[in-house]
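If you're matching positions, the sequence shown starts at 1 in full-length UniProt numbering and goes up one per residue.
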Amino acid sequence: MKAHVSSILLGVRDMERAKRFYTDGLGWKVKNDYGISVFFESDGASPVGFYGREGLAGQVGTSPEGSGFSGLVLTYVVRSEARVDEVMAEAEKAGATILNPAGALPWGGYGGTFADPDGYIWSLGYSGRGADQPYAE
1 MKAHVSSILL
11 GVRDMERAKR
21 FYTDGLGWKV
31 KNDYGISVFF
41 ESDGASPVGF
51 YGREGLAGQV
61 GTSPEGSGFS
71 GLVLTYVVRS
81 EARVDEVMAE
91 AEKAGATILN
101 PAGALPWGGY
111 GGTFADPDGY
121 IWSLGYSGRG
131 ADQPYAE
């Protein structure tokens, strides 16, 4: 198995609320809306999509119930501290819960974290230390 993710599929409790958060709030564009699942334009990266939480849990053979930290964090690396601040503000305006406000990070970078309405955690970051960063934009 290669270190590659073909797509990222998030189980959501309310499909319409999740679509509004990402489209209206963060500016994502829907590529395919199948009703039970939605996929977004990926701009060459791994596609991100949503599926109803119960249906997705059933497909993978687990319970849709869960609480606490899942161990999954989605990262979004940008090219400036200012862009970190902009994305954090967009997310908060769209209804995200700010977990760590943007600021200096212990390892020398700059970033912040937020949770979307379903509790998925996004870590935004910037570091001027390397040219080989996995930039999202």
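Ideal Cβ positions, reconstructed from N, Cα and C, are used throughout, including at glycine.
No Cβ-Cβ contact shorter than 8 Å links T23 with V12. Per DSSP, reduced to three states, the secondary structure at D118 is coil, with no helix or strand assignment. Check the Cα spacing between G95 and each of F50, G125, P117 and A57: the tightest is with P117.
Rounded to whole angstroms, the gap between the alpha carbons of G71 and P64 is 16 Å.
Here Y135 really is in contact with R79; their C-beta atoms are around 6 Å apart, less than 8 Å.
Residue environment: A82 is assigned as exposed (fewer than 16 neighbouring CB atoms within 10 Å of its CB, all protein chains considered).
Taking the Cα of M15 as reference, the smallest distance to any Cα among Y34, G27 and Y126 is reached at Y34.
Here G58 carries a helix assignment [DSSP, helix/strand/coil]. The alpha-carbon separation between I8 and Y126 amounts to approximately 22 Å. In this structure, the straight-line span from the alpha carbon of T97 to that of A115 is close to 5 Å.
One Cα belongs to N100, the other to L10, and the distance between them is close to 22 Å.
Relative to A131, the option among V77, G52 and A104 whose CA is nearest is V77. Secondary structure at K31: strand, using DSSP grouped into helix, strand and coil.
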